[in-house]
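Student: Residue numbers (our numbering), protein chains in the order written: chain A, 9 to 107; chain B, 3 to 157.
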Amino acid sequence: MFTALADPTRRAIFERLAKSPSAVGELARELPVSRPAVSQHLKVLKSAGLVIDQPVGTRRVYSVDPAGIGTIRDYFDQFWQQALARFAAAATQPTEEEA
Amino acid sequence: MTTQVDSTSVTTAIDVTAPIEHAFRLFTDGIGSWWNPDHHILQAELAEMVFEPYVGGRIIDRGTDGSECPWARVLAYDPPRLVCFSWDISLDWQLETDPAKTSDIEVTFTPVGPTQTRVVLTHRNLDRHGDGWEAMRNAVKQGWSLEAFAAAAAA
């Protein structure tokens, strides 16, 4: 979620969708963002598993993914990357061998 | 370091410059020496971490006020190649007492040379935490690990 929601505009779109499902046009009207930019942000949110979309007539309506597993996954992905980096740094410090 | 994700788990791998026995011992017994000291759910500051090295053991955070938080159960312990433990923390950062609602972490150690070990960590069954991801989102936004993430991202 840090990668997907780090961007303030994306966060605004996500929070707006949490209130009610919307199509690209509605979001572009309500937020100070162009329609192509909204589409681009939605693409990122969708690939992060944060939002889902479904066709309603000729429109495509976006909503927050109720499962939200992407949020949890993204969080732990970052969490463990950071933890293992600390672990690797500690492991390579001179210990018994050079003490 | 490489990362891959599937729908309900995340996997992170890293090669460390240490023999397998040392890497395993540091990961388990020495967990307090590398774990981010800000990553705990105690009320007090983290004083030490205890890894009980057997199946059925726990990972316990001890606070400077003497409080304890046993946030993991050791599910597999096979030195120096495998350790597996549960993540008994709910998405709103409380101890989770129902094992059915906990995820688990498997860590494997494989020698890739006399002084080089590959560590592969998989945090799986994340969907068991169920609802509450919004609480996690909010917690993460304001939360305990923002600073560490920022530091890691800037590094």
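Glycine included, C-beta positions come from ideal geometry on N, C-alpha and C.
Note that the structure is predicted; figures quoted are calculated from it, not measured.
Are any of the Cβ atoms in chain B nearer than 8 Å to that of A/T100?
Tutor: For this step, residue 100 of chain A is matched to residue 92 along the first sequence. Chain B contact via Cβ: present.
Student: Taking 8 Å as the threshold (beta carbon to beta carbon), is B/N38 in contact with chain A?
Tutor: Along the second sequence, read from residue 1 onward, the residue named residue 38 of chain B stands at position 36. Interface residue, yes.
Student: If you follow the alpha helix (DSSP H) that A/T17 is part of, which residue opens it and which one closes it?
Tutor: Within the first sequence, residue 17 of chain A is the residue found at index 9, counting from 1. Run containing A/T17: 16–27, per the alpha helix (DSSP H) assignment.
Student: Do the CB positions of B/L28 and A/A99 come within less than 8 Å of each other?
Tutor: Locating residue 28 of chain B in the second sequence gives position 26, counting from the first residue. Locating residue 99 of chain A in the first sequence gives position 91, counting from the first residue. Yes, the pair counts as a contact, with Cβ atoms nearer than the cut-off.
Student: For B/E47, count neighbouring Cβ atoms within 10 angstroms of its own Cβ and tell me buried if that reaches 16, exposed if not.
Tutor: Against the second sequence, residue 47 of chain B aligns to sequence position 45. So B/E47 ends up on the exposed side.
Student: Could you name the residues of chain A that B/S35 contacts, counting a contact when the two beta carbons are closer than 8 Å?
Tutor: As a first step, residue 35 of chain B must be located in the second sequence, where it is residue number 33. Result: A98.
Student: Could you check if A/D85 is buried or exposed, using at least 16 other CB atoms within 10 Å of its CB as the buried criterion?
Tutor: Locating residue 85 of chain A in the first sequence gives position 77, counting from the first residue. A/D85 should be labelled buried.
Student: Under 8 Å, Cβ to Cβ, is there at least one residue of chain B near A/L92?
Tutor: Taking the first residue of the first sequence as position 1, residue 92 of chain A is located at position 84. Cβ-Cβ to chain B under 8 Å: yes for A/L92.
Student: In angstroms, rounded to a whole number, what distance separates the CA positions of B/G198 and B/L128?
Tutor: No statement about residue 198 of chain B is possible, as the shown extent of chain B runs from 3 to 157 and does not include it.
Student: Find the nearest neighbour of B/W95 within the set B/H42, B/V12, B/I16, judged by alpha-carbon distance.
Tutor: Numbered from its first residue, the second sequence carries residue 95 of chain B at position 93. Nearest C-alpha to B/W95: B/H42.
Student: Across the region 73–84 of chain B and the region 106–123 of chain B, are there enough close Cβ pairs to call them in contact, namely three or more that are closer than 8 Å?
Tutor: Segments in contact, yes.
Student: Give the interface partners of A/I60 over in chain B, defined as CB-CB distance under 9 Å, in chain order.
Tutor: Along the first sequence, one-based indexing puts residue 60 of chain A at 52. Those do not exist, as A/I60 stays about 14 Å from chain B at its closest Cβ, beyond 9 Å.
Student: Which term fits B/A78, buried or exposed, when burial requires 16 or more other beta carbons within 10 angstroms of its beta carbon?
Tutor: For this step, residue 78 of chain B is matched to residue 76 along the second sequence. Looking at its Cβ environment, which holds fewer than 16 other Cβ atoms inside 10 Å, B/A78 is exposed.
Student: Once DSSP output is grouped into helix, strand and coil, what is the label at A/D85?
Tutor: Residue mapping note: residue 85 of chain A aligns to position 77 of the first sequence, counting from 1. A/D85: helix per DSSP, three-state reduction.
Student: At the 8 Å Cβ level, is A/I21 part of the contact set with chain B, yes or no?
Tutor: Within the first sequence, residue 21 of chain A is the residue found at index 13, counting from 1. No - not a single Cβ of chain B is within 8 Å of the one on A/I21.
Student: Is the beta carbon of B/C61 sitting closer than 8 Å to the one on B/I33?
Tutor: Here residue 61 of chain B refers to the residue found at position 59 when the second sequence is read from its first residue. Here residue 33 of chain B refers to the residue found at position 31 when the second sequence is read from its first residue. Checking the sequence, you will find Ile at residue 61 of chain B rather than Cys. Cβ atoms of B/I61 and B/I33: closer than 8 Å.
Student: Does the beta carbon of B/T110 come closer than 8 Å to any beta carbon on chain A?
Tutor: Within the second sequence, residue 110 of chain B is the residue found at index 108, counting from 1. No, B/T110 does not count as interfacial toward chain A.
Student: Helix, strand or coil for B/I22 per DSSP?
Tutor: Within the second sequence, the letter at position 20 stands for residue 22 of chain B. Helix, per DSSP.
Student: Would you mind working out which of A/V69, A/G57, A/K27 sits nearest B/T10, comparing C-alpha positions?
Tutor: Numbered from its first residue, the second sequence carries residue 10 of chain B at position 8. Checked all of A/V69, A/G57, A/K27; the closest Cα to B/T10 is A/G57.
Student: B/D67: which of B/V57, B/S35, B/E50, B/F87 sits nearest, CA to CA?
Tutor: For the purposes of this step, residue 67 of chain B is taken as the residue at position 65 of the second sequence. Closest by alpha carbon: B/E50.
Student: On a CA-only basis, which of A/V64, A/Q48, A/K54, A/L35 is nearest A/T79? Give me that one, please.
Tutor: Against the first sequence, residue 79 of chain A aligns to sequence position 71. Of the candidates A/V64, A/Q48, A/K54, A/L35, the one whose C-alpha sits nearest the C-alpha of A/T79 is A/K54.
Student: If we ignore side chains and look at the alpha-carbon of each, how far apart do B/A25 and B/V109 end up?
Tutor: On the second sequence, residue 25 of chain B is found 23 positions in, with the first residue counted as 1. On the second sequence, residue 109 of chain B is found 107 positions in, with the first residue counted as 1. Looking at the two C-alpha atoms, the distance is approximately 11 Å.
Student: CB-CB under 8 Å to A/S42, same chain, minus the five flanking residues each way: which ones, in chain order?
Tutor: Here residue 42 of chain A corresponds to residue number 34 of the first sequence, with the count starting at 1. Hits under 8 Å: A36.
Student: Does any residue of chain B bring its CB to less than 8 Å from the CB of A/R81?
Tutor: Translated into the one-based positions of the first sequence, residue 81 of chain A becomes position 73. Yes, because at least one Cβ of chain B sits closer than 8 Å to the Cβ of A/R81.
Student: Let me see if you follow: with CB-CB separation under 8 Å, is B/F87 close to chain A or not?
Tutor: Position 85 of the second sequence, counted from the start, is the residue given in the question as residue 87 of chain B. No, no contact with chain A.
Student: Along the alpha helix (DSSP H) that carries A/T34, what are the first and last residues, could you check?
Tutor: In the first sequence, the residue the question calls residue 34 of chain A occupies position 26. As written in the sequence, residue 34 of chain A is Glu, which differs from the Thr given in the question. Per DSSP, A/E34 belongs to the alpha helix (DSSP H) from 32–38.
Student: May I have the straight-line CA-CA distance separating B/W36 from A/P44, to the nearest angstrom?
Tutor: The residue given as residue 36 of chain B occupies position 34 in the second sequence. The residue given as residue 44 of chain A occupies position 36 in the first sequence. Approximately 44 Å between the Cα atoms of the pair.
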